[in-house]
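Below is one structure, written out as structure tokens; comments come after it.
Numbering (the numbering used here), first residue to last: 3 to 1002.
Shown next as structure tokens:
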């Protein structure tokens, strides 16, 4: 019977091991096939090799260390409680001389098993120690387990998927650990089970926890491979910090590496010391006997070794904390402050010296035991306890000194004390966020805009945004989705060079482009079959393009590109274009979208089943994928690996697959780029571009649709840089990523070659990155200043435009982002794209603009422009208004509109049952040396809303106009003699109080 059960157990273990090996091999091979499809096999092999190596180092190193310690414990623990009568406690117990090699090993010495050398511990003390050490082990296990758990909850939709540096186990981490444990009640139950197991089955429990912790250490090291690579390949910043005189590269690349190693060693040595101590305490059945006889010399030698190693790691932690003071938030300064430099730094140095002294004493005792000729019969308290008490005392005194210095010395004269450190923080923050490169100028609105100025800025006027993404998406979802399974998830601002009239020269036109993707989740439930999901519903089709400044007579947005296969081009599935010139400027071809933002499932092409291409009237058109993307998996063994990886065994059983079938997986472009380069932070808004750059499918036909995605290098370790509410304190837009929407190819282009972080990654993965010069010109024309970066820089500039420490300290010139009413709800004004000519420029360009107001005051104080064209790409311009001059801010403009009785009356009439008037985005538009304010007004139904452009409100100086079109509104202000009075136009001059027409 026993042999039978043993055979069954061995067989089950063999099956489990074989299945686990098969899972690992499948995962490795499928990932390798996927990277090879993109041409990045070497990138994958480097990443996986490093991760496996780090995991092996963390697991094997930890496990071997703990295993050796437990082997020593097994040989040196009390087998029985020694006689405490004193008969065996002689004054001098001789010992034989040791060979030289025996001094290096923890070999048991006979008299060590007979004579305790530390005081005995009674039952109450033993019970408290057992409970305390057991609880500490549970805390260690849960702390490192929680770190691994958080690393495992990787959200591929986040901008950066590399996990943050873990916090070391400390008192301040206990609260977060308790919160983690409380999130699910089973974790509390698990803690109770672990605690009981330690107390009653220590042999098994402590070894099982050692295995689990070793797995945790290996996983933590493997998941921090990014920081290991950075530490290995890091390049200098050539920027020296003012406190320790280290290059910024030391903090960004090297310091995190040391922090990871110290995190590992602290946890490993702490668990080793605590578990071994607990093991000795419970040996010899001491708990049942009600007394622990004391530690033998061999046991003390073992514990001294572990304590010495632990305090070496603690000393390293305190030495690293000195550098971490550069990220201190004490007082008014981010980074090292007066108290940090004059108190905290010295406390950390003293704690480092104390920890090293304790470690040296413990290791000295470890070395001294083999040379002892006698064993003392006097039981003494371990001397290391005195050092530990001194260490804790210094920590407490240091905390008191720090708080006292801050309150009694710094705060009464804070500005004078903190002035040099404020200068450091301001300079570093501006450098880290690229604010030091901003070109600042004065913009003095003269309010003398004329009709000729309007005529001389046609591109600016013709590209004023009357439409933005929200109403366009609402309209598209009602009129352009065509079928339930199509979805417009996003709409983006871009510009194309168009010739709308034959007698005009081509000019830039700002447009809104929205891709029509296939959302399988919207397919009716009855149609959600395996064949439909993976073989038929494979791709989206087409896009819409709308000018930002035009509307039809009905008030609906005008479309340059719309529909699917309508009219004369229905047979070949082309989209409908407004004019042939539009088709020339915006190439269309066969606009299939196999890779996008909603393509979350894998599909198989070149099967016996044709794919749904696009609807045509009451019927559907079908197609077979002819792109270069996908992984050929006609080989049965290859299919087996994919079936295991995807957890889809129907891949093996389906009769619809052929030898030419290709698998398209990881088609969501956000997941796609993050899987390749997890060390980059990606923008949240990829945008679609239609351009002819010469790429083709397998049949030689051109593809025109590409996704452009901005990627950033970021760090949270740049010295002295204030991150604010952001998880990083250094950022650069170093990479432009281009994804072919049809073939799925991914290309990374270095946009900021001067960034040391991208230089580091280019050294690590030279095969991954291409130079910016290799980016096709057809795509360079569509690059934008990224909104995520601009938002970060704009927010940091609210405070860090102040470079004088006294002004910064008093917040005398603090700015804020103004408010607007959008959709009848107040919100902060978001940056918006414009085509305009900057005051110092000679031609119009595509810019991203954001206005500012002073804190608690509604007037405009400045506006920031991010440039995106030609040689000026990536530059920032800050235009500040004279502080002594009142310039209307968005809040004041909104108030003027609301206060106008005629406009308010008209809006109230529209807000009747079943419909409502919606205020659009308020634009502040600099023209020449003046400001023009434009706000569209939409009319929409409360249900199944299709917004229509009802009116345009224009404010200039003290004049307010609401008219049906922008052209009429501008003419009413600048060419009143040419405008015939119309019922739709409302005009008010606030200076003369003239109203046309007069209020009822």
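Note that the Cβ used here is the ideal one computed from N, Cα and C, for glycine as well.
Predicted model, so just to flag it, every value in this text is computed and none were measured.
Taking the beta strand (DSSP E) that residue 1 belongs to, which residues open and close that run? What is shown of the chain runs 3 to 1002, which leaves residue 1 out entirely.
Could you please give the first and the last residue of the uninterrupted alpha helix (DSSP H) stretch that includes residue 144? 125-154
Since residue 942 is in the alpha helix (DSSP H), which residue starts that stretch and which ends it? That residue, residue 942, is in no alpha helix (DSSP H); its beta strand (DSSP E) goes 932-943.
Roughly how many angstroms separate the alpha carbons of residue 881 and residue 862, rounded to a whole number? 11 Å
Classify residue 920 as buried or exposed, calling it buried when 16 or more other Cβ atoms lie within 10 Å of its own Cβ. buried
Residue 43 lies in the alpha helix (DSSP H); which residues open and close that run? 43-78
Three-state secondary structure assigned by DSSP to residue 17: helix
Paired residues, beta bridge with residue 852 - DSSP: Looking at the DSSP output, residue 852 shares a beta bridge with 866.
What's the gap between the Cα of residue 507 and the Cα of residue 878? 30 Å
Does the Cβ-Cβ distance between residue 706 and residue 591 come in under 8 Å? yes
With H, G and I counted as helix, E and B as strand and the rest as coil, what does DSSP make of residue 881? DSSP, reduced to helix, strand and coil, places residue 881 within a strand of the structure shown.
Could you check where the beta strand (DSSP E) with residue 622 kicks off and where it finishes? 621-625
Just verifying my parser: in three-state terms, what is the DSSP assignment at residue 843? coil
Would you grab the beta carbon distance between residue 423 and residue 349 for me? Rounded to a whole angstrom, and I think it's under 8 Å. The Cβ separation is near 18 Å, so there is no contact.
Within the region 464-518, note down every full alpha helix (DSSP H) run reaching 4 residues or more, in order along the chain. Scanning the region 464-518 from its first residue to its last, the whole alpha helix (DSSP H) runs of 4-plus residues come out as 471-481.
Measuring CA to CA, which of 680, 536 and 708 is closest to residue 658? 536
Measuring CB to CB, does residue 325 end up less than 8 Å from residue 387? Taking 8 Å as the Cβ cut-off, residue 325 and residue 387 do not qualify as a contacting pair.
By Cβ distance, which residues of its chain are closer than 8 Å to residue 604, with the 5 residues on each side in sequence left out? 536, 648, 665, 666, 667, 668 and 669
According to the Cβ coordinates, are residue 412 and residue 341 closer than 8 Å? Using a Cβ distance threshold of 8 Å, residue 412 and residue 341 count as a contacting pair.
Looking at the unbroken beta strand (DSSP E) that takes in residue 549, where does it start and where does it end? 545-549
According to DSSP, simplified to helix, strand and coil, what is residue 836? strand
Are the region 204-219 and the region 49-67 touching, with three or more C-beta to C-beta distances below 8 Å? yes
What first and last residue would you give for the alpha helix (DSSP H) that runs through residue 221? Its alpha helix (DSSP H) spans residues 204-225.
When burial is assigned at 16 or more other CB atoms within 10 Å of the CB, is residue 306 buried or exposed? buried
As an exercise, report each continuous alpha helix (DSSP H) stretch of at least 4 residues that is fully enclosed by the region 663-744, in chain order. With a minimum length of 4 residues, the unbroken runs of alpha helix (DSSP H) contained wholly in the region 663-744 fall at 671-678.
Using only the alpha-carbon positions, how far apart do residue 986 and residue 894 sit? 24 Å
For residue 405 and residue 802, what's the separation of their Cα atoms in angstroms? 28 Å
Sequence-distant residues of its chain with Cβ nearer than 6 Å to residue 89 (five each side left out): Here residue 89 scores only 47 on pLDDT, less than 50, and its place in the model should not be relied on; the value that follows carries that caveat. If we look at residue 89 and ignore the five residues flanking it on each side, it has no Cβ neighbours.
Continuous beta strand (DSSP E) stretch holding residue 613: start and end: 613-618
Answer yes or no: do residue 593 and residue 543 have a C-beta to C-beta separation smaller than 8 Å? yes
How far does the alpha helix (DSSP H) with residue 802 in it reach, from first residue to last? 789-802
Quick check on DSSP: helix, strand or coil for residue 120? coil
Report buried or exposed for residue 638, applying the criterion of at least 16 other Cβ atoms within 10 angstroms of its Cβ. exposed
Give the DSSP-derived three-state secondary structure of residue 91 in the structure shown. Interpretation of residue 91 is limited by its pLDDT of 47, a score under 50 that renders its predicted location unreliable; the figure taken from the coordinates is listed afterwards. Note: residue 91 maps to coil in three-state DSSP.
If the criterion is Cβ atoms closer than 8 Å, does the pair residue 1052 and residue 713 meet it? Lying outside 3 to 1002, the shown extent of the chain, residue 1052 is not represented and no answer is given.
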